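Undergrad: Below is one structure. I have some questions about it.
Chains as they are written, first to last, in my numbering: chain A, 10 to 321; chain B, 10 to 321.
In structure tokens, the structure reads:
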């Protein structure tokens, strides 16, 4: 039995997870990220005890605790090297956590943990797996031969920060033209707003007014209703995502490519054009092709992945 | 002792290679690529015998033969799935070769073999290594934990076919905006010609006339002589290469990034601006940084890499 903890900017989520990656019991608590990290870590430990209790398991039955944390992680040292979301610099997270619960602790970057969770959930032990999550940013993870790929310094797999437009839009990371600057939900919202200004008669304006502002849903929902301007925004946005997917397929030729984030619930509306673009632009013409699928676990991916990474 | 064979579009090069990746004796012969592949493979075997003889070694002292071949390779089957440079489709290359020389044969894609050779030559057993070679195309290879990364289908590591310009220039592969369409030497030649037309007074026009036409050297040599138009071409070209390097660093965070191809002999003129761009655009701000270096083996990388891949 394992405990997986997903440390997010808004909530800490923890789950009791069995050997097969199934969540048996879970709880969450607000992160209150402005607090000092020591208080946050203390709450993570409290939550871990709570899910063990809730699942009717003693801490001594837990083999290890896995944590998915934002930022650059030194996995070997159990240290958060740097995170700007929840402010941490050189924090010995495992050591602090172990003052409360004396169990083996494994820390992964949160996107890597989510990738590992989706890898587990796909039920295939494929030799190469790429996960891309579309949210405020574009995150991701790469699993090779069943292992999280971290790069030599633990900072690898930042697939959202490979550019798709040389000298393009400035990304929050400081680089220009990053996939994240075009294919994140934040980028979609900007693209939607831009189009709404140009097309004041578009349904999107009315929709946004009625739904408390522009969101990642605006263009997709209005496109579903047949609004032309919305269709344009949606289809152009999907092509940005597809470019990122296609690039990573030519680099990795993974057996499975999973796309996550709330927007992936759109299913084939999102995925079919991506599959078509990736197939047309795949350098590999003669060998089996990468399968492209939507995520299965969504919010639970971090818990499952953190727990399973701790298990392995 | 091993034999490494580098099957190129112009020449077949073979070498007797020791356990440490040192070439003891080498020979080459024209590929005459319009011939049927069976004749080419027969010549590869002849050349292998020749280098064993030349190195004073019996075939029975050779542990394995490694071949680097263009195209998509099925490594497990020893088969060239597809190559359009030397026309081969589903060719059981290992099996045919073994009719002449009955030794274990390992076949790799030529760029992967070259990458492995450079990995060996760097003398460090770094956990992650990326090689990019600038030639007619942009090829490359990825070595993770000492193993050539091939993707699940053997067609991976086509780093030249990740785009850096969404909807950009059409690449020979059919995709638009590929790194290869901007950062290959062929692309540099196009960029040089374009500038020469716009700037008839540029030294590049005179230089090309005196040197039998435009080549990858035109812009670099004329820039060395202080020609402004040439400096512009060179510097813009280097930024395309740098974009590709920077993207791969954010994805892989490799310990070592090696750039090959004849142009990498320019050394720091090429590498310093790339290092500067990659550092400025590295998502990793707090952990050790990727080292960027020029290739060491050049033409020998394929032989050494093929032999060492066969050894391991």
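Ideal placement from N, C-alpha and C gives every residue a C-beta, glycine not left out. In this text the structure is predicted, and so the values were computed from the model without any measurement.
(1) Ordered along the chain, which non-local residues of its own chain (more than five positions away) have a Cβ less than 7 Å from that of residue 70/B?
(2) In terms of DSSP beta bridges, what is residue 138/B paired with?
(3) Along chain A, which residues have their Cβ under 8 Å away from the Cβ of residue 153/B?
(4) Below 7 Å between beta carbons: does that hold for residue 270/B and residue 303/B?
(5) Since residue 194/B and residue 143/B should fall inside the 8 Å C-beta cutoff, what is the C-beta to C-beta distance between them, to a whole number of angstroms?
(6) Using the Cα positions of residue 80/A and residue 317/B, report the straight-line distance between them to the nearest angstrom.
(7) Less than 6 Å between C-beta atoms, sequence neighbours within five positions excluded: which residues of the same chain meet that for residue 34/A?
(8) So, do the stretch 121 to 128 of chain B and the stretch 236 to 253 of chain B have three or more beta carbon pairs nearer to each other than 8 Å?
(9) Given a limit of 7 Å on CB to CB distance, which residues of the stretch 67 to 94 of chain B reach chain A?
(10) Could you check whether the Cβ of residue 147/B sits closer than 7 Å to any Cβ belonging to chain A?
(11) Under a three-way DSSP split, which group does residue 300/B fall into?
(12) Sorted by chain position, which residues of the same chain lie with C-beta nearer than 8 Å to residue 211/B's C-beta, five sequence neighbours on each side aside?
(13) Using only the alpha-carbon positions, how far apart do residue 291/A and residue 41/A sit?
(14) Closer than 8 Å by beta-carbon distance: list the chain A residues that pair up with residue 292/B, in chain order.
(15) Checking contacts by CB at 7 Å: is residue 262/A closer than that to chain B?
(16) So, at 6 Å on beta carbons, what are the nonlocal neighbours of residue 174/B in its own chain, with the 5 sequence-adjacent residues on each side left out?
(17) Would you decide whether residue 29/B is buried or exposed? Buried here means 16 or more other CB atoms lie within 10 Å of its CB.
(18) Return the CA-CA distance between residue 309/B and residue 319/B, expressed in angstroms with no decimal places.
(19) Would residue 141/A count as contacting chain B if we go by Cβ distances under 7 Å?
(20) Which term fits residue 48/B, buried or exposed, when burial requires 16 or more other beta carbons within 10 angstroms of its beta carbon?
(21) Chain B beta carbons: is any one of them nearer than 7 Å to that of residue 50/A?
(22) Check whether the Cβ atoms of residue 161/A and residue 263/A sit closer than 7 Å, and answer yes or no.
(23) Work out the CA separation of residue 157/A and residue 39/B for me, nearest whole Å.
(24) At the level of alpha carbons, what is the spacing between residue 217/B and residue 198/B?
(25) Using three-state DSSP, classify residue 98/A as helix, strand or coil.
(26) Along the stretch 245 to 274 of chain B, where does the CB come closer than 8 Å to a CB of chain A? Name the residues.
(27) Count the other CB atoms within 10 Å of the CB of residue 165/A; is the residue buried (16 or more) or exposed (fewer)?
(28) Would a check of beta-carbon distances place residue 211/A closer than 7 Å to chain D?
(29) Closer than 7 Å, CB to CB, is residue 161/A near chain B or not?
(30) Based on Cα-Cα distance, which residue from 85/B, 55/B, 257/B, 207/B lies nearest to residue 68/B?
(31) If you reduce the DSSP assignment to three classes, tell me which class residue 187/B lands in.
(32) Unbroken alpha helix (DSSP H) runs of length 4 or more, entirely within the stretch 191 to 215 of chain A: which are they?
(33) Using a Cβ-Cβ cutoff of less than 6 Å, which residues in the same chain neighbour residue 300/B once the five nearest sequence positions on both sides are dropped?
(34) Quick check on residue 179/B: buried or exposed, where buried means 16 or more other Cβ atoms within 10 Å of its Cβ?
(35) Given a threshold of 16 other Cβ atoms within 10 Å of its Cβ, counted over all protein chains shown, does residue 43/B qualify as buried or as exposed?
(36) How about residue 150/A and residue 315/A: are their beta carbons less than 7 Å apart?
TA: Put simply:
(1) 10, listed in sequence order.
(2) Beta-bridge pairing links residue 138/B to 152/B, 265/B.
(3) Neighbours of residue 153/B on chain A, chain order: 153, 158.
(4) In this structure, residue 303/B does not lie closer than 7 Å to residue 270/B by Cβ.
(5) Rounded, the Cβ-Cβ distance is 6 Å, consistent with contact.
(6) Rounded to whole angstroms, residue 80/A to residue 317/B spans 38 Å at the Cα level.
(7) Taken in chain order, the residues that qualify are 25, 60, 63, 64.
(8) The stretch 121 to 128 of chain B vs the stretch 236 to 253 of chain B: no contact.
(9) The stretch 67 to 94 of chain B vs chain A, Cβ under 7 Å: 81, 90, 91.
(10) For residue 147/B, the answer is no, since every Cβ of chain A falls outside 7 Å of its Cβ.
(11) In this structure, DSSP gives residue 300/B an extended state, which the three-state scheme calls strand.
(12) 204, 205, 231, 236, 237, 238, 239, listed in sequence order.
(13) About 44 Å.
(14) Within 8 Å Cβ-Cβ: 164, 167, 170, 182, 184.
(15) Yes, because at least one Cβ of chain B sits closer than 7 Å to the Cβ of residue 262/A.
(16) Around residue 174/B: 186.
(17) With fewer than 16 Cβ atoms within 10 Å of its Cβ, residue 29/B is classed as exposed.
(18) Distance between residue 309/B and residue 319/B, taken at the CA atoms: about 16 Å.
(19) Interface flag for residue 141/A against chain B is unset, since no Cβ pair is found closer than 7 Å.
(20) With fewer than 16 other CB atoms across the displayed protein chains lying within 10 angstroms of its CB, residue 48/B is exposed.
(21) Under the Cβ distance rule, residue 50/A does not count among the residues neighbouring chain B, no pair being separated by less than 7 Å.
(22) Cβ atoms of residue 161/A and residue 263/A: not closer than 7 Å.
(23) Between the C-alpha atoms of residue 39/B and residue 157/A there is a straight-line separation of about 44 Å.
(24) Approximately 11 Å, taken between the alpha carbons.
(25) Note: residue 98/A maps to strand in three-state DSSP.
(26) Listed by position along the chain: 248, 249, 252, 255, 256, 257, 259, 260, 261, 262, 263, 264.
(27) So residue 165/A counts as buried.
(28) Any reference to chain D falls outside this structure, whose protein chains are A and B.
(29) Closer than 7 Å to some Cβ of chain B, the Cβ of residue 161/A qualifies, so yes.
(30) It is 55/B.
(31) Three-state DSSP puts residue 187/B in a strand.
(32) Correct list: 194 to 207.
(33) Once the five neighbours on either side are set aside, the close Cβ partners of residue 300/B are 265.
(34) With fewer than 16 other Cβ atoms within 10 Å, it is exposed.
(35) Burial check for residue 43/B: the Cβ neighbour count within 10 Å stays below 16, so the residue is exposed.
(36) For the 7 Å CB-CB criterion, residue 150/A and residue 315/A do not form a contact.
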